[in-house]
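What follows is a set of notes on a single structure, which appears directly below.
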Amino acid sequence: MVEKKKKKKKKRPPRQEMPRQDPKERRMNFNEVALGFSEETAVIEASRCIGCPKPECIDGCPVFVDIPEFIKLVQEKKFVEASKKIKETNILPAICGRVCPQETQCEIVCVLSKIDKPVAIGRLERFVADYEAAAGEVEIPPKSEPKGKKVAVVGSGPAGLTVAGELAKMGYEVIIFEALHKPGGVLVYGIPEFRLPKAIVAREVDFVEKLGVELKTNFVVGRTVTVEEFFDQGYGAVFLGLGAGLPWFLNLPGINLVGIYSANEFLTRSNLMKAYLFPEYDTPLRVGKKAVVIGGGNVAMDSVRTALRLGAKETHIIYRRSRKEMPAREEEIENAEAEGVIFDFLVNPVEFLGDKEGRVCGMKLIRMELGEPDESGRRRPVPIEGSEFVYNCDTVVIAIGQGPNPLALSTMKDLKLNKWGYIVADIETCKTSMKGVFAGGDIVTGEATVIEAMGFGWRASIAIDKYFTTGEW
Amino acid sequence: MNQIIDKKRLAEGINLFEIEAPLIARKRKPGQFVIIRIDENGERIPLTIADVNKEKGIITIVVQVVGKTTEHLGTLSPGDSLLDVVGPLGQPTHIEKFGTVVAIGGGVGHAVCFPIAKGMKDAGNYLITIVGARTKGLIILEEETKKFSDEFYITTDDGSYGKKGLVTDQLKELLEGGKKIDLVLAAGPAIMMKFVSLMTKEYGIKTIVSLNSIMVDGTGMCGVCRVEVGGKTKFACVDGPEFDGHEVNYDLLMKRLATYKEEEKLAYDRYMQKIKDKGKEM
Ligand SMILES: Cc1cc2nc3c(=O)[nH]c(=O)nc-3n(C[C@H](O)[C@H](O)[C@H](O)COP(=O)(O)OP(=O)(O)OC[C@H]3O[C@@H](n4cnc5c(N)ncnc54)[C@H](O)[C@@H]3O)c2cc1C
Ligand SMILES: Cc1cc2nc3c(=O)[nH]c(=O)nc-3n(C[C@H](O)[C@H](O)[C@H](O)COP(=O)(O)OP(=O)(O)OC[C@H]3O[C@@H](n4cnc5c(N)ncnc54)[C@H](O)[C@@H]3O)c2cc1C
Ligand code: SF4
Ligand code: SF4
Ligand code: FES
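As you go down the protein sequences, you meet chains V and E in turn. So the first sequence is residues 18 to 490, counted in our numbering. So the second sequence is residues 1324 to 1605, counted in our numbering.
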């Protein structure tokens, strides 16, 4: 009894900050911004977790990482074991520890957040995953007996990698078909190096391959082969993890001027094609003097911080609502601000202006005010009549969201789509309207998160195994 | 994979490559293209599949040297491999029996035109082919095309071969000769396609052009290939590359093609310097 009291009195250390590159330095390079915990800080942070008997944090994680267990192992300095614990349900911890929006997932429900700041679950996850990798050869979990059944996974984003890895562990023969020349989906073409080093993605992809998954890149399903042909070739099930890769443009005059990019193009050139290393790498990307990104989400933040690093003198975010309504993660907004990005709120473009070479040289913007809340609960932006003004810039990136790419879907006549063109699939079993075809990730939900896509992959692996075992649809 | 099986020089700066790509060969229809990348530092560039040999699993591409990547490609030999070849991309040509079809290829654009023209002939059309180039040395696939064309014309800007003049001069002659033409196909420089389309519009003849916009992924993911057709934005890589010639905004296409002029020149000069330095060393 006495002892317990003592323990209670012991002061909890504050949530540990993660060191970051100095903003003045990092705005000039593509190296990772956040530098990760040291062993000491990791142990201190881990000591904050009280190991709840009914841990709510686990329910906040889409793949149910056993958070208290892995944190306990960190407390005991068993870092490699901690990483393995996470990998029981999450095969990509180094990635999730970096890009999961923990503040709205596992950390928001941590009991500590009621009285203090939550345990830094993501930072710890990142630490142990990096520790394991640095400690040497990552151990490959034992494989089950080969099941003699083949599964085709389309798309190598987090959804596809997860379902493939899990099925391989169960003993299935899994082949991933990827349209691009590098696996990883948004992890390689979208999220920039300074937030998620590509060597880490390669490392985690390598792990999935070591589990026995075969990867076929440069393979466009719907063109190189169709889903129907998969079944003819002896595949027993197909998983579609196509992502939401169709860029939306604004339907405004001048949208096709030179120097107006979709965020997808801008980020793909920089990340996948390594345009930030031009001319060492052949693919160019021009940012001009004043680069403006339209949008307020994570994709917009990634684009504007890329433009800054590529050497634009001035970088702006144009957002039609105010800071409060921005969907981007707070951390990313702060990072952008610290690096010198300028935010222009409550304005919206109505026209793009070009010079005689057809290059964008400015925009006509209109001022907005906030009206009644809309379906999303955020106050609706309303244009203020007669408030248009001309705004100069020489590069524009459109980051207002994306939709489902119809390329593969249009070749599958029996596949049911919803009114926005996404695949209709059961959230639990990932079953679609076509027998043997499962789907998950952004192609079902629209743009979501890495870990949600992985959650789909995880559930799909269970459902696919069940389908093979029972034969029931 | 992606091994170069054969290489032929067709003209100054224009090479034909046969590449091992069985999956693509099996699927490809006339009008479709591939995107290739030579090595890890390389750019992805689109190239029309000029021909295929399904049995052998081979695709043929015909490439003109215009910048760094095509220059580099020109230095490769049989036995070398390309790092990436993906396809077949784009919508296949709508091929049916139209009646009389005029297929116009300008410069290396004839490599794009060639498979479509062949497809049209196979579908039972009366095929008239016009091949144009700046000068005699740049005329490609002459014998191969003659073989399946019912009528065959050559024009050169300098008059060194065939008729002196532009492909549009030859087209005009056919039109004024009172020949009933049901369809015109054109592939080549944007400016050529523009003038062909202006001419056929006057005569009310349906015209299909193959647009060569800048591309990255070729799957509809990035939007760099967007073109305006009938006032609407289209993605050339998935909606095209062929469109109704009378509806295309060619001026926009030309401006967008010039996006990276300076960077392209820098990359090319840098590459040529590297080759030169290497030569000195040896
Ligand atoms: C710039 C950017 C930043 C983001 N930042 C974050 C973040 O910080 N945190 C976070 O949690 N989420 C973030 N997201 C969202 C997250 O990346 C996605 O929700 C997630 O990647 C979806 O995974 P997926 O597996 O469904 O699809 P994707 O990652 O999109 O992968 C789909 C794959 O399928 C391939 N494919 C498509 N069609 C075909 C075909 N026909 N044949 C073969 N292959 C095909 C594609 O090439 C691609 O590789 C970000 C997204 C973007 C664009
Ligand atoms: C659908 C399609 C089919 C094509 N088929 C053929 C073909 O069969 N044979 C052939 O020789 N060429 C073809 N091209 C053009 C070919 O892709 C370009 O010549 C090539 O990309 C130039 O690369 P480069 O590095 O050598 O030159 P660069 O230095 O990059 O550029 C030189 C010129 O090529 C254009 N160009 C640059 N990058 C691209 C790109 N990614 N896509 C298209 N054009 C670009 C530029 O506008 C410039 O005028 C085709 C293009 C398209 C879109
Ligand atoms: S995977 Fe993401 S949501 Fe789950 S515990 Fe790790 S950081 Fe939290
Ligand atoms: S809710 Fe918070 S304190 Fe409780 S176990 Fe989870 S991380 Fe630890
Ligand atoms: S090339 Fe990227 S969308 Fe067409």
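From the three backbone atoms N, C-alpha and C, an ideal C-beta is built for every residue, glycine too. The structure presented is a predicted model; accordingly, all values stated were derived computationally and were not measured.
Spatial neighbours of residue i in its chain, beta-carbon cut-off 7 Å, leaving aside the 5 residues before and after
i: glutamine 119 of chain V; result: Ile138, Gly139
i: aspartate 1403 of chain E; result: Ile1327
i: proline 214 of chain V; result: Glu49
i: valine 155 of chain V; result: Glu149, Phe224
i: glutamate 386 of chain V; result: Leu363, Val399, Ile401
i: glutamate 226 of chain V; result: Leu232
i: serine 64 of chain V; result: Pro30, Gln92
i: glutamate 464 of chain V; result: Ala261, Gly418, Gln419
Cutoff 8 Å; reference residue i; Cβ partners in own chain excluding five residues on either side
i: phenylalanine 283 of chain V; result: Leu302, Ser320, Thr323, Ala324, Val414
i: glutamate 331 of chain V; result: Lys306, Lys307, Ala308, Ile359
With 16 other Cβ atoms within 10 Å as the buried cut-off, status of residue i
i: leucine 432 of chain V; result: buried
i: histidine 333 of chain V; result: buried
i: alanine 1348 of chain E; result: buried
i: valine 116 of chain V; result: buried
i: aspartate 76 of chain V; result: exposed
i: threonine 1479 of chain E; result: buried
i: methionine 1324 of chain E; result: exposed
i: methionine 1595 of chain E; result: exposed
i: histidine 198 of chain V; result: buried
i: tryptophan 490 of chain V; result: exposed
i: threonine 1542 of chain E; result: buried
i: lysine 1377 of chain E; result: exposed
i: leucine 204 of chain V; result: buried
i: isoleucine 311 of chain V; result: buried
Same chain, Cβ closer than 6 Å to residue i, neighbours up to 5 away in sequence not counted
i: threonine 1452 of chain E; result: Ala1426, Ala1440, Thr1468, Ser1472, Phe1475
i: lysine 1352 of chain E; result: Pro1415
i: arginine 1360 of chain E; result: Arg1367, Leu1406, Asp1407
i: glycine 1422 of chain E; result: Asp1505
i: arginine 376 of chain V; result: Val275, Gly276
i: alanine 1509 of chain E; result: Ile1427, Met1516, Val1519, Val1532
i: methionine 1577 of chain E; result: Ala1513
i: alanine 477 of chain V; result: Val180, Phe256, Cys447, Phe455, Gly457
i: proline 40 of chain V; result: Ala355, Glu356
CB contact check: residue i to chain E, cutoff 8 Å
i: phenylalanine 81 of chain V; result: no
i: aspartate 482 of chain V; result: no
i: phenylalanine 369 of chain V; result: no
i: glutamate 272 of chain V; result: Sequence inspection shows isoleucine at residue 272 of chain V; the glutamate mentioned does not correspond to that position. Yes, isoleucine 272 of chain V counts as interfacial toward chain E.
i: glycine 418 of chain V; result: no
i: leucine 263 of chain V; result: yes
i: asparagine 422 of chain V; result: yes
is_contact[residue i, chain V] using C-beta, thresh 8 Å
i: arginine 1360 of chain E; result: yes
i: leucine 1412 of chain E; result: yes
i: alanine 1456 of chain E; result: no
i: valine 1571 of chain E; result: no
i: alanine 1513 of chain E; result: no
i: alanine 1559 of chain E; result: no
i: aspartate 1562 of chain E; result: no
i: glutamate 1366 of chain E; result: yes
i: arginine 1297 of chain E; result: Residue numbering for chain E in the displayed model covers 1324 to 1605; residue 1297 of chain E lies beyond these limits and cannot be assessed.
- Item | Members of the segment 1522-1552 of chain E that neighbour chain V once the beta carbon cut-off is set at 7 Å | Cβ proximity to chain V below 7 Å picks out Val1539, Asp1540, Thr1542, Gly1543, Met1544, Cys1545, Gly1546, Val1547, Arg1549, Glu1551 from the segment 1522-1552 of chain E.
- Query: Mind pulling the alpha helix (DSSP H) runs of 4 or more residues that sit fully within the segment 1347-1411 of chain E?
  - Reply: Qualifying alpha helix (DSSP H) stretches, in chain order: 1391-1397.
- Query: Closer than 9 Å, Cβ to any Cβ of chain V: which residues of the segment 1375-1390 of chain E, in chain order?
  - Reply: Correct list: empty, as no residue qualifies.
- Item | Residues of the segment 179-209 of chain V with Cβ closer than 9 Å to any Cβ of chain E, in chain order | Residues Ala196, Leu197, His198, Tyr206.
- Within the segment 226-269 of chain V, ranges of the beta strand (DSSP E) (whole runs, at least 3 residues): Segments of the beta strand (DSSP E) lying fully in the segment 226-269 of chain V: 231-233, 252-257.
- Listed from N- to C-terminal order along the chain, which residues in the segment 1571-1589 of chain E have their beta-carbon within a distance smaller than 9 Å of any beta-carbon of chain V? Contact residues of the segment 1571-1589 of chain E toward chain V are Asn1572, Asp1574, Leu1575, Met1577, Lys1578, Arg1579, Ala1581, Thr1582, Tyr1583, Glu1585, Glu1586, Glu1587, Leu1589 (C-beta to C-beta distance below 9 Å).
- Task: Counting only runs of 3+ residues fully inside the segment 46-93 of chain V, write out the beta strand (DSSP E) ranges in chain order.
- Result: DSSP runs (the beta strand (DSSP E)) wholly in the segment 46-93 of chain V: none.
- Task: Check each residue of the segment 1342-1356 of chain E: if its Cβ is closer than 8 Å to any Cβ of chain V, include it; give the result in chain order.
- Result: The segment 1342-1356 of chain E vs chain V, Cβ under 8 Å: Leu1346, Ile1347, Lys1350.
- For the segment 446-474 of chain V, enumerate the residues whose C-beta is nearer than 9 Å to any C-beta of chain E, in chain order. From the segment 446-474 of chain V, no residue has a Cβ closer than 9 Å to chain E.
- Can you check the segment 410-481 of chain V for any alpha helix (DSSP H) of at least 4 residues that lies completely inside it and give the ranges in chain order? Counting only runs of 4 or more, we get 423-426, 459-462.
- Members of the segment 25-57 of chain V that neighbour chain E once the beta carbon cut-off is set at 9 Å: Identification of residues in the segment 25-57 of chain V having a C-beta nearer than 9 Å to some C-beta of chain E yields an empty set.
- Message: At 3 residues or longer, what runs of the beta strand (DSSP E) sit wholly inside the segment 1409-1473 of chain E?
- Response: Residue ranges of uninterrupted beta strand (DSSP E) with 3 or more members, entirely inside the segment 1409-1473 of chain E and ordered along the chain, are 1423-1429, 1449-1456.
- Task: Name, going along the chain, the residues of the segment 1420-1437 of chain E whose beta-carbon falls closer than 7 Å to a beta-carbon of chain V.
- Result: Those would be none; no residue qualifies.
- For the segment 1525-1605 of chain E, list the beta strand (DSSP E) runs that are entirely contained and at least 3 residues long, ordered along the chain. Within the segment 1525-1605 of chain E, the runs of beta strand (DSSP E) that reach at least 3 residues and sit entirely inside it are, in chain order, 1530-1533, 1549-1552, 1555-1558, 1565-1567.
- Message: Give me the subset of the segment 227-243 of chain V whose CB atoms are less than 8 Å from a CB atom of chain E, sorted by chain position.
- Response: If you check each beta-carbon in the segment 227-243 of chain V against every beta-carbon of chain E, the ones closer than 8 Å belong to Thr234, Asn235, Phe236, Val237, Arg240, Thr241, Val242.
- Query: Using a Cβ cut-off of 8 Å, which residues of the segment 313-339 of chain V contact any Cβ in chain E, in chain order?
  - Reply: Residues: none.
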